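Student:
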Amino acid sequence: MSDPPFRSGFVALLGRPNVGKSTLVNRLVGRKVSIVSDHPQTTRRRISGVLNRPGYQIVFLDLPGFQKPFDSLTRRMQAVVDATLEEVDAALVVLNAAEPLGGGDHFIARVVAESGTPFVAALNKIDLVSPTVLAGRLASAAEVLGQDRLVSVSALRGDGVDAVVAGLSTTLSEGPMYFPEGESSDQPLESLVAELIREQALAVTRDEVPHAIAVEIESLHERPGAALIEIEARIVVEHESQKAILIGKGGRVVKRIGTGARREIEAILGARVYLALRVKVRRRWRRDESYVERLL
Ligand code: GDP
Ligand code: MG
Numbered sequence: 022m023s024d025p026p027f028r029s030g031f032v033a034l035l036g037r038p039n040v041g042k043s044t045l046v047n048r049l050v051g052r053k054v055s056i057v058s059d060h061p062q063t064t065r066r067r068i069s070g071v072l073n074r075p076g077y078q079i080v081f082l083d084l085p086g087f088q089k090p091f092d093s094l095t096r097r098m099q100a101v102v103d104a105t106l107e108e109v110d111a112a113l114v115v116l117n118a119a120e121p122l123g124g125g126d127h128f129i130a131r132v133v134a135e136s137g138t139p140f141v142a143a144l145n146k147i148d149l150v151s152p153t154v155l156a157g158r159l160a161s162a163a164e165v166l167g168q169d170r171l172v173s174v175s176a177l178r179g180d181g182v183d184a185v186v187a188g189l190s191t192t193l194s195e196g197p198m199y200f201p202e203g204e205s206s207d208q209p210l211e212s213l214v215a216e217l218i219r220e221q222a223l224a225v226t227r228d229e230v231p232h233a234i235a236v237e238i239e240s241l242h243e244r245p246g247a248a249l250i251e252i253e254a255r256i257v258v259e260h261e262s263q264k265a266i267l268i269g270k271g272g273r274v275v276k277r278i279g280t281g282a283r284r285e286i287e288a289i290l291g292a293r294v295y296l297a298l299r300v301k302v303r304r305r306w307r308r309d310e311s312y313v314e315r316l317l
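Note that the sequence shown covers residues 22 to 317 in the working numbering.
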């Protein structure tokens with residue numbers, strides 16, 4: 022008998038801000054910010070994690086629109102969700118058990134249920150509620166989403182996480198391993214972040230400071246539990262005149278670089294980012310071989 026075929030799939034994470042999507046994915050994937058890749062099929066998407074198990078792989082995608090507060094349940098939002106659900110193999114709906122289900126939750130649940138896309142719904146943060154309250158929340162979630170695909174979860178403690186994986190794994194079909202196992206460690210987070218900052222600096226300065234720009238990551242901390250990454254970085258140039266261009270009047274240029282880079286980093290890592298960016302002169306850095314080596 023030959024082995025069963027490898028299975029894989031993309032899973033969209035759906036849920037209001039703060040329900041615990043990032044925490045849950047980090048828990049599922051077993052590592053904070055596990056993703057890093059420029060895989061052609063996935064570049065512009067918000068990949069928040071890759072789960073590898075023997076025989077299958079799940080790639081979790083964050084929805085762009087859902088990063089923002091979920092006030093306006095506009096048609097546009099509906100279109101974004103619909104389009105995403107068409108592209109993915111399954112959805113992971115995340116709800117917060119510590120609050121009554123609100124308009125945003127119902128909206129998401131309804132769109133998913135009506136789309137016919139396979140899904141698992143995680144009622145998260147059960148560590149914060151009594152069994153009685155939980156029973157009530159489960160019942161109201163089941164009204165919209167049905168009983169079978171509903172899992173009680175504490176992303177923080179790890180409860181229910183295996184059940185989520187088990188549920189999602191049944192939605193996968195034969196497919197490639199989109200990301201080689203361990204790929205995330207090939208490119209350290211630092212160099213990815215440096216590259217994204219450099220890209221923004223080049224975009225903003227165009228031909229004025231061409232290749233004299235390097236980026237040093239001074240520190241990069243993931244604040245546990247907060248789904249926040251704090252980064253301190255320096256843009257390094259060769260001359261004072263270049264520094265002046267990069268800082269701009271009243272710091273305008275460096276601010277623009279920082280904002281652009283922060284958005285990119287957040288989009289790719291699916292976490293909030295605090296980025297402190299400074300500009301520094303390091304004369305003739307390009308001729309300093311040991312320095313150049315350290316940059317890579
Ligand atoms: P997202 O906006 O949906 O990605 O939510 P986050 O993953 O950023 O989580 C929002 C907040 O809820 C953070 O402070 C988490 O630590 C917290 N949180 C997430 N999951 C749980 C959980 O299962 N229990 C508790 N008590 N807090 C949680
Ligand atoms: Mg998040």
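Idealized CB from N, CA, C, for every residue including glycine.
Just so it is clear, the structure is predicted and the values come from calculations on it, not from any experiment.
(1) Apart from the five residues just before and just after residue 211, which ones in its own chain have a Cβ nearer than 7 Å to its Cβ?
(2) Hey, would you say the C-beta of residue 264 is under 7 Å away from at least one heavy atom of the ligand GDP?
(3) For a test of the three-state rule: what should DSSP assign to residue 146, helix, strand or coil?
(4) Quick check: is any heavy atom of the ligand GDP less than 7 Å from the C-beta of residue 43?
(5) Can you check DSSP and say which residues form a bridge with residue 255?
(6) Closer than 7 Å to a non-hydrogen atom of the ligand GDP - does that hold for the CB of residue 248?
(7) Buried or exposed: where does residue 123 fall if 16 or more other Cβ atoms within 10 Å of its Cβ makes it buried?
(8) Run the CB neighbour count on residue 301, radius 10 Å, all protein chains shown included, and call it buried at 16 or more, exposed below.
(9) So, is residue 126 buried or exposed, given that buried needs 16 or more other C-beta atoms within 10 angstroms?
(10) On the three-pair Cβ rule with 8 Å, is the region 96 to 110 touching the region 144 to 156?
(11) Cβ atoms of residue 49 and residue 182: under 8 Å apart, would you say?
(12) Quick one: which unbroken alpha helix (DSSP H) runs of 4-plus residues sit fully inside the region 168 to 226? Chain order, please.
(13) Can you tell me whether residue 122 is helix, strand or coil according to DSSP?
(14) State the beta-bridge partners of residue 284 as determined by DSSP.
(15) Taking one C-beta from the region 189 to 196 and one from the region 23 to 35 each time, how about it: are there three or more such pairs within less than 8 Å?
(16) May I ask which residues mark the beginning and end of the beta strand (DSSP E) holding residue 137?
(17) Please decide whether residue 288 counts as near chain C, where near means a Cβ-Cβ distance under 8 Å.
(18) Between the Cα of residue 309 and the Cα atoms of 216, 235 and 162, which residue gives the shortest distance?
Tutor: To lay it out plainly:
(1) 238 and 241
(2) no
(3) coil
(4) yes
(5) 237 and 299
(6) yes
(7) Answer is exposed; the Cβ neighbour count stays below 16.
(8) exposed
(9) buried
(10) no
(11) yes
(12) 182 to 190 and 210 to 226
(13) In the structure shown, residue 122 sits in coil (DSSP, three-state: anything other than H, G, I, E or B).
(14) None; residue 284 has no bridge partner.
(15) With the cut-off at 8 Å, the region 189 to 196 and the region 23 to 35 touch.
(16) Counting along the chain, residue 137 falls outside any beta strand (DSSP E), and DSSP gives it neither H nor E.
(17) The chain inventory of the structure shown lacks chain C, comprising one protein chain alone.
(18) 235
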